[in-house]
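**Student:** Before we start, here is the structure in question, set down as structure tokens.
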Amino acid sequence: MTSIELLRRNDKFAFTIGVAFIIISEYMFLCQLQWVKLWYSVFAIGLYVVRYQIYHADKMHYFLIDFCYFMNLVLIFHLYFYPNSVVLFQLCFSLCTGPIAFAVVAWRNSCVFHSLDKMTSGVVHLFPPLVVFCLRWYPRETTGGALEPPEAASVARVWAIPFAVYVYWQGCYILKTGLVDKWHMHSEPDLWTSARWFSRHPTSKGVFFRIINSCGTDEWDWRINRNLAAGQMLFTAVILSPMWLMYRYKAVHIAYLAFVFFVWFKNGAGYYIDVFSRKYQEELAELAGDQSAAAHRPPRRAGPGG
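Oh and the sequence shown: position 130 is 1015 in this note's numbering, straight run, nothing missing.
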């Protein structure tokens, strides 16, 4: 089997697995709510472990302490250790439905069925809001009656406390990357963090990029980390503001999630049509060129030792 045939076969297989995963997940969330907790936690933890292996090899593992991963762990903690805690549920509801879900729109996540990396990002950002949707509107079916969420939530429960938790995480993140691991970061300039990504990665662009780097693109300039933290906190504060509507009105909640999924699928369609088709043909042409060069290369003459 040639390299081109192997690449095509692997991508077809991965695409099929990705589509099957979406279909089975839809079945779980619509018809088997009692299995939602297990289905989510198995894939969230499993894909996190796989991503750690890949990202560590690419020196991108500092991304795995970003807020989205933190909230996945908080949600799993809630599901298995304090499933009857209303305070913890409302915290997870606001942060998973708000900044975690809307990150799909803000960071242009896309549904690319044959890409493990992009499908993992989909699980990280879209499974938590789906889980808390089930917990909010179908708690008996999802938790077996362990959780009884009230019909309304105070501003403190769905905005102030979640925002305080976000600020706490942001402070810990800055201490970790800017103080605790400062010399480690200096000694390995090819390690990637959010600040480094926004200050020097070639794909970073747009309004947010210009705001963060308004003082220059030196990643060690404290103003870049200040701008990044301030921008993320402003984003979180704004996105958390309508969470009381999502919590109170099911129709609003459904419309919001439908919009997020529409953007996810639309971005995936754009990737397949505008990016993937061109890159795939380039990759196949490169493989064909390598094979052609190998076929016309004269055989290597054996040395004295055979």
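Glycine included, every Cβ here is placed at the ideal spot set by N, Cα and C.
Keep in mind it's a predicted model, so treat the numbers as computed, not measured.
#1: Span of the alpha helix (DSSP H) holding V990?
#2: My guess is that G1153 and C996 are in contact by the Cβ rule of under 8 Å, so how many angstroms apart are they, rounded?
#3: Please report the straight-line C-alpha distance between E1171 and R1133, rounded to a whole angstrom.
#4: The alpha helix (DSSP H) that contains H963, what's its start and end?
#5: I need the straight-line Cα distance from P1024 to W1129, nearest angstrom please.
#6: When the Cα atoms are used, what is the spatial distance from P968 to Y947?
#7: Assuming contact is defined by CB atoms lying nearer than 8 Å, are V1050 and L976 in contact in what I supplied?
#8: Chain D beta carbons: is any one of them nearer than 8 Å to that of C1057?
#9: Could you check whether E1026 and M919 sit closer than 8 Å to each other, using their CB atoms as the reference points?
#10: Tell me the DSSP secondary structure of L1011 in three-state form.
#11: Report the CB separation of L1113 from F1083 in whole angstroms; it is logged as a contact under 8 Å.
#12: Can you check which of these residues, A1173, Y1157 and E1168, is closest to F998 by C-alpha distance?
#13: Helix, strand or coil: which one does DSSP assign to E1167?
#14: Looking at the secondary structure, which residues open and close the alpha helix (DSSP H) in which R1133 lies?
#15: Count the other CB atoms, across all protein chains shown, that sit within 10 Å of the CB of G1007; report buried if there are 16 or more and exposed otherwise.
#16: In or out: L1119 buried (at least 16 other Cβ within 10 Å) or exposed?
#17: Do Y925 and V1017 count as a contact pair if the criterion is CB distance below 8 Å?
#18: Exposed or buried, what is F966 when buried is set at 16 or more other beta-carbons lying within 10 Å of its beta-carbon?
#19: To the nearest angstrom, how far is it from the Cα of E1168 to the Cα of K1003?
#20: Taking the straight line between their C-alpha atoms, what separation do you get for G1220 and G1174?
#21: Compute the distance between the beta-carbons of H1010 and A988, then report whether it is under 8 Å.
#22: Can you tell me the Cα-Cα spacing of V1148 and Y1053, whole angstroms?
#23: Residues in the same chain with beta-carbon distance under 7 Å from I1059, minus the five sequence neighbours each way, listed in chain order, please.
#24: Sorted by chain position, which residues of the same chain lie with C-beta nearer than 6 Å to V990's C-beta, five sequence neighbours on each side aside?
#25: Excluding the 5 residues flanking K1135 on each side, which residues of the same chain have their C-beta closer than 6 Å to its C-beta?
#26: Less than 7 Å between C-beta atoms, sequence neighbours within five positions excluded: which residues of the same chain meet that for A1038?
**Tutor:** So, to answer that:
#1: A986 to A991
#2: 3 Å
#3: Each residue's Cα considered, the two are about 55 Å apart.
#4: F952 to F966
#5: 18 Å
#6: 30 Å
#7: Cβ distance < 8 Å, so V1050 and L976 count as in contact.
#8: Going by chain labels, chain D is absent from the structure shown, which holds only one protein chain.
#9: What sits at residue 919 in the sequence shown is Gln, not Met. Result yes, Cβ atoms of Q919 and E1026 sit closer than 8 Å.
#10: DSSP places L1011 in helix when its eight states are reduced to three.
#11: 6 Å
#12: Y1157
#13: helix
#14: M1128 to R1133
#15: buried
#16: exposed
#17: no
#18: exposed
#19: Spanning the two alpha carbons is a distance of roughly 19 Å.
#20: In the structure as shown, the chain begins at 886 and stops at 1191. Residue 1220 is therefore absent and cannot be evaluated.
#21: yes
#22: 30 Å
#23: N1110 and A1114
#24: V1148
#25: W1022
#26: Q975, W1129 and Y1132
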